[in-house]
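**Q** Got a structure for you, questions after.
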């Protein structure tokens with residue numbers, strides 16, 4: 008839905024289903040009900056997630072035309088898409104395979120270009136459109152710094168090819184679309200500083216030359232195209248796990264003249280020693296969140312302000328036994344309308360802060376709620392999806408209003 012100069016919705020990656028028929032069924036069941044509860048009389052935007060299989064199916068003209076008609080009939084529109092998970096995202100072990108295929112493989116590039124073709128068809132004339140994507144690859148899939156540099160170079164070339172595709176779409180349709188890279192714990196790009204480094208050292212330094220050669224444009228035109236078509240997906244859960252301050256991330260992007268294409272509204276799970284609970288109590292409650300499907304990377308902050316990183320929640324829980332333990336944050340998207348979970352907390356304060364900053368200065372037009380863990384939350388937190396999605400939407404609107 009439109010809020011100020013921006014648009015708010017939730018990401019449909021929270022619903023299981025990989026084929027287009029499964030995804031469309033979810034839209035009919037959930038999107039229509041959430042719209043009726045949150046914006047019954049005004050158009051409602053969709054944060055659409057398509058697997059590679061669904062994207063191929065929806066690309067067929069008749070299927071796409073039917074979807075356009077359905078959107079118009081129900082006062083719906085698509086303004087942003089999630090292009091991070093290529094394949095299955097629910098009901099099975101995903102873990103680090105969420106990155107596969109990564110940006111060193113041609114299938115990732117082709118999948119992303121196909122998503123942009125679809126978004127270019129669906130996007131209303133007056134809007135810009137964005138697609139979030141992975142942080143290049145899973146860092147631990149590479150053995151040394153040389154392999155990581157090679158992956159970044161390959162990813163840069165692939166992304167420049169996508170930029171050319173977006174330039175062509177804009178030339179033909181007048182629509183501006185952008186690829187929004189999403190820093191992820193244990194990704195090749197983990198945080199905002201690493202994102203800026205990749206942006207400047209690869210996309211700008213190397214990408215401009217590639218773009219000049221391929222498009223026969225000036226250096227200034229090439230740089231303008233990269234800055235317009237490649238932006239940041241600012242996921243607040245991921246940023247909080249990295250112990251970043253939201254205001255500093257926004258300031259960093261401004262300093263380096265990088266746009267924020269999408270603000271993903273999400274909270275991470277955290278706990279800390281405060282004298283109210285024993286270490287064992289905190290560990291027991293955290294164990295309830297350990298599950299086999301998704302990666303829940305964690306960072307422990309010690310009493311002497313050092314940070315220790317762990318690839319998953321179970322190994323971090325075990326490491327809490329150290330006498331230097333002070334607090335833990337984990338990449339576990341928890342409901343954004345709750346600040347406390349029994350003896351645990353969320354990073355909701357980061358979300359409240361960034362929404363205040365956005366209200367004062369709308370630094371992006373795309374806001375998307377992304378709590379995708381409903382089906383793996385502890386049993387006592389399981390509930391009706393439509394109700395909790397509506398509650399999350401209303402919580403965000405209350406924060407802004």
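In the numbering used here, the protein residues as written are 8 to 408. All residues carry an ideal CB built from backbone N, CA and C; glycine is no exception. Fair warning: this is a prediction, and the values are worked out from it, not measured in the lab.
Taking the CB atoms as reference points, tell me whether residue 378 and residue 21 lie closer together than 8 Å.
**A** Counting from one through the chain shown, the residue named residue 378 turns up at place 371. Counting from one through the chain shown, the residue named residue 21 turns up at place 14. The answer is yes: Cβ separation under 8 Å.
**Q** Excluding the five sequence neighbours on either side, which residues of its own chain have a C-beta within less than 6 Å of the C-beta of residue 89, listed in chain order?
**A** Within the chain shown, numbered from 1, the residue matching residue 89 stands at position 82. These residues qualify, in order along the chain: 18, 20, 56 and 139.
**Q** According to DSSP, simplified to helix, strand and coil, what is residue 240?
**A** Here residue 240 refers to the residue found at position 233 when the chain shown is read from its first residue. Three-state result, residue 240: strand.
**Q** Is it the case that the stretch 167-183 contacts the stretch 75-82, given that we only count it when at least three CB pairs across the two stretches are under 8 Å?
**A** no
**Q** Can you tell me the Cα-Cα spacing of residue 113 and residue 142, whole angstroms?
**A** The residue given as residue 113 occupies position 106 in the chain shown. The residue given as residue 142 occupies position 135 in the chain shown. Whole-angstrom Cα-Cα distance: 16 Å.
**Q** Is residue 320 closer than 8 Å to residue 348 when the C-beta atoms are compared?
**A** Locating residue 348 in the chain shown gives position 341, counting from the first residue. Locating residue 320 in the chain shown gives position 313, counting from the first residue. Cβ distance not < 8 Å, so residue 348 and residue 320 don't count as in contact.
**Q** How should residue 115 be labelled, buried or exposed, when 16 other C-beta atoms within 10 angstroms of its C-beta is the threshold for buried?
**A** For the purposes of this step, residue 115 is identified with residue 108 of the chain shown, where counting begins at 1. With 16 or more other Cβ atoms within 10 Å, it is buried.
**Q** Out of curiosity, what's the CA-to-CA distance linking residue 50 and residue 326?
**A** Position 43 of the chain shown holds residue 50. Position 319 of the chain shown holds residue 326. Distance between the alpha carbons of residue 50 and residue 326: 49 Å.
**Q** Return the chain-ordered list of same chain residues with a C-beta closer than 6 Å to the C-beta of residue 371, the five sequence neighbours on each side being excluded.
**A** Taking the chain shown and counting its residues from 1, the one referred to as residue 371 is at position 364. Closer than 6 Å at the Cβ level, and outside the excluded window around residue 371, lie 267 and 270.
**Q** Do you know offhand how far residue 93's Cα is from residue 105's?
**A** Within the chain shown, the letter at position 86 stands for residue 93. Within the chain shown, the letter at position 98 stands for residue 105. If I take the Cα positions, the gap works out to 7 Å.
**Q** When the Cα of residue 117 is compared with those of 131, 68, 146 and 60, which residue comes out closest?
**A** Within the chain shown, numbered from 1, the residue matching residue 117 stands at position 110. With distances taken between Cα atoms, residue 117 lies closest to 60.
**Q** Name the residue from 28, 127 and 358 whose alpha carbon lies nearest to the alpha carbon of residue 247.
**A** Numbered from its first residue, the chain shown carries residue 247 at position 240. Selected option, being the one with the closest Cα: 358.
**Q** In the DSSP output, what is residue 85 paired with across the bridge?
**A** Indexing the chain shown from 1 puts residue 85 at position 78. Its beta-bridge partners are 53.
**Q** Quick one: what's got a C-beta closer than 8 Å to residue 286's C-beta in the same chain, skipping five residues either side?
**A** Here residue 286 refers to the residue found at position 279 when the chain shown is read from its first residue. Around residue 286: 280, 327, 328 and 332.
**Q** Using a Cβ cut-off of 8 Å (strictly closer), state whether residue 158 contacts chain D.
**A** Here there is only one protein chain, and chain D is not present.
**Q** Measure the alpha-carbon distance for residue 146 versus residue 155 and round it to whole angstroms.
**A** Your numbering for residue 146 matches position 139 in the chain shown. Your numbering for residue 155 matches position 148 in the chain shown. Between residue 146 and residue 155, the C-alpha separation is close to 8 Å.
**Q** Residues in its own chain within less than 6 Å of residue 288 by CB, not counting five upstream and five downstream?
**A** Numbered from its first residue, the chain shown carries residue 288 at position 281. Once the five neighbours on either side are set aside, the close Cβ partners of residue 288 are 350.
**Q** How would you write the range of the alpha helix (DSSP H) that residue 168 sits in, first residue to last?
**A** As a first step, residue 168 is located in the chain shown; it is residue number 161 there, counting from the start. Start and end: 152-180.
**Q** Among 186, 223 and 336, which one has its Cα closest to the Cα of residue 241?
**A** Taking the first residue of the chain shown as position 1, residue 241 is located at position 234. Nearest of 186, 223 and 336 to residue 241, Cα basis: 186.
**Q** Take residue 249 and list the residues in its own chain whose beta-carbon comes closer than 6 Å to its own, dropping the five residues that flank it on each side.
**A** Counted from its first residue, the chain shown places residue 249 at position 242. Taken in chain order, the residues that qualify are 198.
**Q** Okay, do the stretch 186-196 and the stretch 227-245 touch, 3+ Cβ pairs below 8 Å being the bar?
**A** yes
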